[in-house]
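Engineer: In full-length UniProt numbering, the protein residues as written are 1 to 155. Glycine included, every Cβ here is placed at the ideal spot set by N, Cα and C. Note that the structure is predicted; figures quoted are calculated from it, not measured.
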Amino acid sequence: ARFFVIKSYTEDDVQKSLKHEVWSSTVLGNKRLDNAWRESHDKGPIYLFFSVNSSRNFCGVAEMISGVDETKTSDIWATDKWKGLMNVRWRFVRDVPTSALRHLRLTNTPDRKPITTSRDTQELPYDIGCEVLQIFLDHQHKSKTSLLQDFAYYE
1 ARFFVIKSYT EDDVQKSLKH EVWSSTVLGN KRLDNAWRES HDKGPIYLFF
51 SVNSSRNFCG VAEMISGVDE TKTSDIWATD KWKGLMNVRW RFVRDVPTSA
101 LRHLRLTNTP DRKPITTSRD TQELPYDIGC EVLQIFLDHQ HKSKTSLLQD
151 FAYYE
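#1: Just confirm the distance between the C-beta atoms of Ala62 and Leu48, as a whole number of angstroms; I'd bet it's less than 8 Å.
#2: What separation, rounded to the nearest whole angstrom, lies between the Cα atoms of Arg94 and Leu18?
#3: Kindly give me the distance between the Cβ atoms of Glu21 and Asn87, rounded to whole angstroms, as I take these residues to be in contact under 8 Å.
#4: Considering only the alpha carbon of each residue, which of Asn57, Gln15, Arg2 lies closest to Trp77?
#5: Rounded to the nearest angstrom, what separates Leu85 and Leu33 at their Cα positions?
#6: Leaving out five residues before and five after Arg56 in sequence, what residues of the same chain have Cβ atoms less than 6 Å from its Cβ?
#7: According to DSSP, is Ala36 part of a helix, a strand, or is it coil?
#8: Report back the beta-carbon spacing between Ile65 and Arg89 to the nearest angstrom; my notes put them in contact at under 8 Å.
#9: What residue does the beta strand (DSSP E) around residue 237 start on, and which one ends it?
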């Protein structure tokens, strides 16, 4: 398995991803995710840990189920600058506060920052990614909030 942090500018875009089961990132982010897909989708799942900028939460986990198709675009996003689409399947939708993840460090970078300060499409080391998945599992009954609470309000 491989693991990436996804930083969204808006909750609206994450809601749209949840509804339409697609995602799009920046040109660099799409390239990074597509390379990961081509290198390893047949070796194990590729998980995406979603966080909305400035939310102080991670809000869900999706699995990539396709590479990025650069020829596709969608008008569902809050801004029209996102080009290319990948298909995703949502595995967990719940809020996990960054305080529950702050102790996890990016051991694959020189400055070993907390994963909570990751940039969009930052890859996490395998052991850290597994730990984040476990934390999402542990928060299944702890978390009282999730994107699903607002789902009816989004188109």
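Structural biologist: Here's the rundown:
#1: Approximately 5 Å separates the beta-carbon atoms of Ala62 and Leu48; this is inside 8 Å, confirming the contact.
#2: Approximately 12 Å, taken between the alpha carbons.
#3: With 8 Å as the limit, Glu21 and Asn87 qualify as a contact, their Cβ atoms being about 6 Å apart.
#4: Residue nearest to Trp77 within the set Asn57, Gln15, Arg2 is Gln15 (criterion: CA-CA distance).
#5: Leu85 and Leu33: Cα-Cα distance of roughly 11 Å.
#6: So the list reads Thr98, once near-sequence residues are dropped.
#7: Correct three-state label for Ala36: helix.
#8: Yes, they are in contact, since the Cβ atoms of Ile65 and Arg89 sit about 5 Å apart, within 8 Å.
#9: The chain is shown from 1 up to 155; residue 237 falls before or after that span and cannot be answered.
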